[in-house]
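Novice: Before I ask anything, here is the structure I am working with.
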Amino acid sequence: MDANLLSSYIFAVVVLNVLLGLMAYMTYFERKVMAAMQDRVGPNRTGPVGLLQPIADGIKLLTKEDIIPKHADRRIFLLAPLLSFVLAPVAAAVIPFGDSINVFGHEVNLYVADINVAALYFLAIGSMGVYGIILGGYASANRYSLLGGLRSAAQVISYEIILGLSLIGVFILSGSLSLVEIVSQQSETLNLGPLQLPNWFILSQPLAFVIFLIAAVAETNRAPFDLPEAETELIGGFHTEYSGFRFSFFFLAEYISMIIISLFAATIFLGGTDGPIRDGVWWLAIKAAIFLFFYIWLRTTVPRFRYDQLMGLAWKVLLPLVLINILLTGFIRLWGLGML
Amino acid sequence: MAAEVLVFNLLSAVAIVAAAAMITMRNPIHSAIALVVTFVNVAAIFVMLRAEFLAAVQIIVYTGAVLVLILFVLMLVNQDDLPEFHGAKPLQQVFGFGLGIVLLIEIGAAILTRTVVAEPGPWDEQGIAQAGGHIQSIGQVLYSGYVLPIQATAFVLLLATIGALFLGRPDEDEEPTPTRRPVATISLAHTRGADDAPLPQLQAANVKHEAGDRDLIMARDADEFTSIPGEDDEQKERSE
Chain A
272 MDANLLSSYI
282 FAVVVLNVLL
292 GLMAYMTYFE
302 RKVMAAMQDR
312 VGPNRTGPVG
322 LLQPIADGIK
332 LLTKEDIIPK
342 HADRRIFLLA
352 PLLSFVLAPV
362 AAAVIPFGDS
372 INVFGHEVNL
382 YVADINVAAL
392 YFLAIGSMGV
402 YGIILGGYAS
412 ANRYSLLGGL
422 RSAAQVISYE
432 IILGLSLIGV
442 FILSGSLSLV
452 EIVSQQSETL
462 NLGPLQLPNW
472 FILSQPLAFV
482 IFLIAAVAET
492 NRAPFDLPEA
502 ETELIGGFHT
512 EYSGFRFSFF
522 FLAEYISMII
532 ISLFAATIFL
542 GGTDGPIRDG
552 VWWLAIKAAI
562 FLFFYIWLRT
572 TVPRFRYDQL
582 MGLAWKVLLP
592 LVLINILLTG
602 FIRLWGLGML
Chain B
3 MAAEVLVFNL
13 LSAVAIVAAA
23 AMITMRNPIH
33 SAIALVVTFV
43 NVAAIFVMLR
53 AEFLAAVQII
63 VYTGAVLVLI
73 LFVLMLVNQD
83 DLPEFHGAKP
93 LQQVFGFGLG
103 IVLLIEIGAA
113 ILTRTVVAEP
123 GPWDEQGIAQ
133 AGGHIQSIGQ
143 VLYSGYVLPI
153 QATAFVLLLA
163 TIGALFLGRP
173 DEDEEPTPTR
183 RPVATISLAH
193 TRGADDAPLP
203 QLQAANVKHE
213 AGDRDLIMAR
223 DADEFTSIPG
233 EDDEQKERSE
């Protein structure tokens with residue numbers, strides 16, 4: 272077998288396992304940060320400072336009874352959480368975690384795949400991910416679940432458009448859809464007179480960055496856009512009827528999506544592994560951690576949107592803004608190339 | 003090479019089985035899922051043909067479309083009517099069968115009269131490398147030679163959007179919404195001690211014009227706006 276292909280496979284396994292481990296401790300991080308913001312202590316009983324809490328939670332969820340409602344569409348009910356869970360980490364395959372390193376005399380690239388449509392691939396996987404939610408909501412034979420699923424579908428379709436369009440400005444500037452290429456362009460230096468700045472796209476595309484951030488929160492169904500599972504209205508939304516490890520699959524998928532979209536945002540807008548000193552994967556980790564903290568911060572401070580407000584925001588505010596951004600970026604790019 | 007042929011056969015077999023399942027499934031949701039499986043397998047075949055852009059677009063466009071299809075099924079087709087939804091009428095069966103035969107003949111004719119391998123297009127590996135990649139060359143072709151068809155398609159989609167907006171706009175003749183009607187707040191608060199004998203001036207002034215847009219209607223007694231079924235009869239009996 273091709274040595275490059277083999278190292279890709281091995282790296283994929285490593286990324287997958289790191290992601291799953293990170294996901295467990297993401298719940299711990301979230302509970303601790305929320306506790307601090309709400310003047311509580313948070314988990315502190317299992318292990319030193321509660322560090323074993325995620326493992327205890329995992330064991331508890333795995334050993335719970337797996338209940339299937341009598342009138343549920345059985346096959347789809349069983350399939351839906353698996354679909355969510357399998358598709359969530361797949362998108363990580365295109366995120367570059369750094370330059371190639373030398374392991375036992377082999378050049379190993381720190382990404383699973385550098386495909387020339389990486390960003391589109393990311394969006395495609397995202398659009399597949401909603402199927403787990405809507406099918407789970409439909410198959411439960413429960414009106415609250417169905418409402419949660421329908422809301423999720425409408426929400427994801429609307430915000431996916433915003434998410435995709437907000438990236439177009441970056442594509443116009445970089446001239447590429449490959450994340451490896453986009454990162455390598457961002458490691459250059461931007462000279463603004465006396466100022467020397469990194470060529471991160473957050474500086475040239477600030478509006479797109481803000482819109483991307485809003486759409487990303489909606490795309491991952493997180494507060495304040497967590498209408499598919501609004502507890503006060505829909506009990507638990509699409510996962511009302513799920514229990515045990517099937518529930519934990521939905522839960523895992525949500526957190527993995529959060530981590531991956533944070534990594535993606537850090538890669539596209541904040542230069543990925545590029546940093547002031549010693550470029551490397553740690554910079555990517557720090558940037559992603561900032562986004563994850565921002566997610567939790569939002570959850571603790573902003574109340575949930577009403578449904579019509581959510582749709583109005585997408586179609587009446589964000590869509591025109593993002594179209595204006597594309598138009599402006601296009602003109603400025605042409606002007607920069609001297610074609611205008 | 004052999005592995006590639008094997009994967010291709012597997013993908014096409016799954017795509018064909020899923021396409022058949024899409025037609026034969028009794029539940030429209032199951033049909034829609036089978037359709038998604040077909041599309042994803044076709045996208046995988048595109049990837050094998052090194053058409054990654056087409057594969058990504060196939061998944062984004064078609065999975066989104068099927069999602070909307072599922073929504074239509076959930077919202078428009080009553081779940082209890084589903085067996086009837088499939089109840090075939092003889093005329094429909096004959097018509098469908100005839101159309102199927104026509105389609106098969108067309109496909110067969112297309113395959114028999116031409117070779118399956120089409121003529122190579124004007125783009126070869128060198129030209130693509132010169133343009134900077136597959137996406138760049140697709141962009142060049144689309145926005146130079148095919149500008150008019152693209153603009154026409156965009157115009158049709160725009161018309162569809164405007165049509166949807168027009169159909170979905172609120173009706174002008176509709177009853178005014180409750181906010182436009184005079185609104186009053188009923189207050190159940192009443193002057194203490196007035197229960198036994200309501201004061202005449204209170205009765206006269208039981209509608210207060212507030213500074214805001216709402217009038218305040220004061221209750222004459224604690225039970226003026228509440229009634230418990232059957233209680234009136236009891237009271238009548240008692241008074242008699």
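Just so you know, the sequences run in chain order A and B.
Numbering follows this note's numbering, in which position 9 of the first sequence is assigned residue number 280; successive positions increment by one, without gaps.
Numbering follows this note's numbering, in which position 39 of the second sequence is assigned residue number 41; successive positions increment by one, without gaps.
Note that beta-carbon positions come from the ideal geometry of N, C-alpha and C, so glycine has one too.
Small disclaimer: the values here were computed from a predicted structure and weren't measured.
1) Between the segment 98-113 of chain B and chain A, which residues of the former have a C-beta closer than 7 Å to a C-beta of the latter?
2) Within a Cβ cutoff of 8 Å, which residues of the same chain sit near A:V552, ignoring the five residues on either side of it in sequence?
3) Closer than 7 Å by C-beta to A:V289: which residues in its own chain qualify, once you throw out the five before and the five after it? Chain order, please.
4) To the nearest whole angstrom, what separates the beta carbons of A:I347 and B:L69, a pair I think is in contact under 8 Å?
5) Whole angstroms are fine: how far does the CA of A:P340 sit from the CA of B:L150?
6) Taking the beta strand (DSSP E) that A:Q467 falls in, what are its first and last residues?
7) Buried or exposed for B:P202, please, with buried defined as at least 16 other CB atoms from any protein chain shown within 10 angstroms of its CB.
8) Would you identify the three-state DSSP class for A:T460, choosing helix, strand or coil?
9) Would you tell me roughly how many angstroms separate the C-alpha atoms of B:R52 and B:G123, rounded to the nearest one?
10) Residue range of the alpha helix (DSSP H) that B:H32 falls in?
11) In three-state terms, what does DSSP make of A:I281?
12) Contact defined as beta carbons within less than 8 Å: I believe A:G403 pairs with A:A524. What is the distance between those atoms, to the nearest angstrom?
13) Count Cβ pairs between the segment 580-600 of chain A and the segment 476-490 of chain A that sit closer than 8 Å; are there 3 or more?
14) Taking B:L13 as the reference, which of B:A45, B:I35, B:N29 has the closest Cα?
15) Given this structure, state the Cα-to-Cα distance separating B:V7 from B:A15, to the nearest angstrom.
16) Between A:L394 and A:L434, is the Cβ-Cβ spacing less than 8 Å?
17) List, in order along the chain, the chain B residues whose C-beta lies closer than 8 Å to that of A:I428?
18) Closest Cβ-Cβ distance between B:A20 and chain A: below 8 Å?
19) What residue from A:F442, A:A410, A:Y430, A:A559 has the CA that sits closest to A:A389's CA?
20) Applying the criterion that 16 or more other CB atoms from any shown protein chain within 10 Å of the CB defines a buried residue, is A:Q324 buried or exposed?
21) Could you check whether the segment 468-476 of chain A touches the segment 20-37 of chain B, counting it as contact only if at least three pairs of C-beta atoms, one from each stretch, sit closer than 8 Å?
22) Cβ of A:V401 less than 8 Å from any chain B Cβ?
23) Looking at the unbroken alpha helix (DSSP H) that takes in A:G397, where does it start and where does it end?
24) At the level of alpha carbons, what is the spacing between B:V143 and A:M305?
25) Could you check whether A:E431 and A:S398 sit closer than 8 Å to each other, using their CB atoms as the reference points?
26) Closer than 7 Å by C-beta to A:L353: which residues in its own chain qualify, once you throw out the five before and the five after it? Chain order, please.
27) Tell me, please, whether the CB atom of B:S139 is closer than 8 Å to any CB atom in chain A?
28) Could you give the C-beta distance for A:S458 and A:G321, rounded to a whole number, given that I count them as a contact under 8 Å?
29) Whole angstroms are fine: how far does the CA of A:L349 sit from the CA of B:V49?
30) Measuring straight from C-alpha to C-alpha, what distance separates A:G583 and A:L589?
31) Please identify, using Cβ separations under 7 Å, the residues of the segment 23-34 of chain B that lie next to chain A, in order along the chain.
Specialist: Short version:
1) Under the 7 Å Cβ criterion, the segment 98-113 of chain B contributes no residue.
2) Within the first sequence, numbered from 1, the residue matching residue 552 of chain A stands at position 281. Excluding positions up to five away in sequence, the list reads F368, G369, L381, T544.
3) Residue numbering aside, residue 289 of chain A sits at position 18 when the first sequence is read from its first letter. Excluding sequence positions up to five before and after A:V289, its CB lies less than 7 Å from no other CB in the same chain.
4) As a working note, residue 347 of chain A is residue 76 in the first sequence. As a working note, residue 69 of chain B is residue 67 in the second sequence. Rounded to the nearest angstrom, the Cβ distance from A:I347 to B:L69 is 14 Å, too far for a contact under 8 Å.
5) The count along the second sequence starts at 1 and reaches residue 150 of chain B at position 148. The count along the first sequence starts at 1 and reaches residue 340 of chain A at position 69. Straight-line measurement puts the Cα of A:P340 at about 54 Å from the Cα of B:L150.
6) Taking the first residue of the first sequence as 1, we reach residue 467 of chain A at position 196. Residues 466-469.
7) The residue labelled residue 202 of chain B in the question sits at position 200 within the second sequence. Its pLDDT being 45, under 50, B:P202 is placed unreliably by the model, and the measurement read from it follows with that caveat. Exposed.
8) As a working note, residue 460 of chain A is residue 189 in the first sequence. Strand at A:T460.
9) As a working note, residue 52 of chain B is residue 50 in the second sequence. As a working note, residue 123 of chain B is residue 121 in the second sequence. Near 15 Å, if we compare the C-alpha coordinates of B:G123 and B:R52.
10) By one-based count along the second sequence, residue 32 of chain B stands at place 30. Here the alpha helix (DSSP H) through B:H32 covers 30-50.
11) Taking the first residue of the first sequence as 1, we reach residue 281 of chain A at position 10. In this structure, A:I281 counts as helix in the three-state DSSP scheme.
12) Numbered from its first residue, the first sequence carries residue 403 of chain A at position 132. Numbered from its first residue, the first sequence carries residue 524 of chain A at position 253. Right, the Cβ-Cβ distance comes to about 7 Å (below 8 Å), so this counts as a contact.
13) Segments in contact, yes.
14) Counting from one through the second sequence, the residue named residue 13 of chain B turns up at place 11. Ranking B:A45, B:I35, B:N29 by Cα distance to B:L13 puts B:A45 first.
15) Position 5 of the second sequence, counted from the first residue, corresponds to residue 7 of chain B. Position 13 of the second sequence, counted from the first residue, corresponds to residue 15 of chain B. So the two alpha carbons sit approximately 12 Å from each other.
16) In the first sequence, counting from the first residue as 1, residue 394 of chain A sits at position 123. In the first sequence, counting from the first residue as 1, residue 434 of chain A sits at position 163. Contact flag set, yes.
17) Within the first sequence, numbered from 1, the residue matching residue 428 of chain A stands at position 157. Think of a sphere of 8 Å around the beta carbon of A:I428: the chain B residues whose beta carbon falls inside it are G66, L69, V70, in chain order.
18) Position 18 of the second sequence, counting from 1, holds the residue named residue 20 of chain B. By the rule that beta-carbons nearer than 8 Å mark a contact, B:A20 does not touch chain A.
19) Here residue 389 of chain A is taken as the residue at index 118 of the first sequence, counted from 1. The residue with the shortest Cα to Cα distance from A:A389 is A:F442.
20) Mapped onto the first sequence, residue 324 of chain A falls at position 53. A:Q324 sits buried, since 16 or more C-beta atoms from the chains shown fall within 10 Å of its C-beta.
21) With the cut-off at 8 Å, the segment 468-476 of chain A and the segment 20-37 of chain B do not touch.
22) In the first sequence, residue 401 of chain A corresponds to position 130, counting from 1. A:V401 counts as touching chain B.
23) If you number the first sequence from 1, residue 397 of chain A lands on position 126. Note, A:G397: alpha helix (DSSP H), 389-410.
24) The residue you call residue 143 of chain B lines up with position 141 of the second sequence. The residue you call residue 305 of chain A lines up with position 34 of the first sequence. Their Cα atoms are separated by approximately 52 Å.
25) The residue given as residue 398 of chain A occupies position 127 in the first sequence. The residue given as residue 431 of chain A occupies position 160 in the first sequence. Remark: C-beta atoms of A:S398 and A:E431 approach each other more closely than 8 Å.
26) Taking the first sequence and counting its residues from 1, the one referred to as residue 353 of chain A is at position 82. Within its own chain, the residues whose Cβ lies closer than 7 Å to the Cβ of A:L353, once the five positions on either side in sequence are excluded, are F520, listed in chain order.
27) Position 137 of the second sequence, counting from 1, holds the residue named residue 139 of chain B. No, its Cβ sits nowhere closer than 8 Å to a Cβ of chain A.
28) As a first step, residue 458 of chain A must be located in the first sequence, where it is residue number 187. As a first step, residue 321 of chain A must be located in the first sequence, where it is residue number 50. Contact annotation, A:S458 with A:G321: C-beta distance approximately 39 Å; criterion of less than 8 Å not satisfied.
29) Position 47 of the second sequence holds residue 49 of chain B. Position 78 of the first sequence holds residue 349 of chain A. Roughly 29 Å separates the two Cα atoms.
30) For the purposes of this step, residue 583 of chain A is taken as residue 312 along the first sequence, with counting starting at 1. For the purposes of this step, residue 589 of chain A is taken as residue 318 along the first sequence, with counting starting at 1. In this model, A:G583 and A:L589 are separated by some 9 Å (Cα to Cα).
31) Answer in chain order: I31.
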